[in-house]
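Colleague: With our numbering, the residue at position 9 of the sequence shown is -8, and numbering never jumps. The following block contains the structure, expressed as structure tokens.
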Amino acid sequence: MAHEFTMSAKYEGKCTDCGYKIVVGTWIIYDPSTKKARHKECPQPDPNEQRNVFDAWIEAFQKMEGKSE
């Protein structure tokens, strides 16, 4: 089993757990054997942001169906 390290991110990347962007300086858990990183604590998504994405998806679907308001 590989050893993982908790460290400050030196490079931008994508979290293997949540898929969100890893920003330089963020605390991460890094696995050198796979060269993968994940947030030490994954950010919680903003419920309003998720709702807006869902609303945009519904709007796009309605446009495809010719039901736009």
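Here a beta-carbon is modelled for each residue, glycine too, at the ideal position from N, C-alpha and C.
1) May I ask you to report which of helix, strand or coil DSSP gives A20?
2) Could you name the residues of the same chain whose beta carbon sits closer than 7 angstroms to that of G8, not counting the 5 residues immediately before and after it, in chain order?
3) Which residues does DSSP list as the beta-bridge partners of F(-12)?
4) Would you call Y13 buried or exposed, if buried means 16 or more other Cβ atoms sit within 10 Å of its Cβ?
5) Which value, in whole angstroms, describes the spacing of the CA atoms of E42 and D0?
6) For W40 and K46, what's the separation of their Cα atoms in angstroms?
7) Residues in its own chain within less than 7 angstroms of T54 by CB, not counting five upstream and five downstream?
Modeller: By the coordinates alone:
1) Here residue 20 corresponds to residue number 37 of the sequence shown, with the count starting at 1. Three-state result, A20: strand.
2) For the purposes of this step, residue 8 is taken as the residue at position 25 of the sequence shown. For G8, where only same-chain residues beyond five positions count, the Cβ hits under 7 angstroms are S(-9) and A(-8).
3) Translated into positions along the sequence shown, residue -12 becomes position 5. For F(-12), which the question treats as bridged, DSSP gives the partners Y13.
4) To locate residue 13, count along the sequence shown from 1; it is residue 30. When all chains shown are included, Y13 counts as buried.
5) Position 59 of the sequence shown, counted from the first residue, corresponds to residue 42. Position 17 of the sequence shown, counted from the first residue, corresponds to residue 0. Rounded to whole angstroms, E42 to D0 spans 29 angstroms at the Cα level.
6) Within the sequence shown, residue 40 is the residue found at index 57, counting from 1. Within the sequence shown, residue 46 is the residue found at index 63, counting from 1. The alpha-carbon atoms of W40 and K46 are separated by roughly 10 angstroms.
7) The requested residue 54 does not occur in the structure, where the chain is confined to residues -16 to 52.
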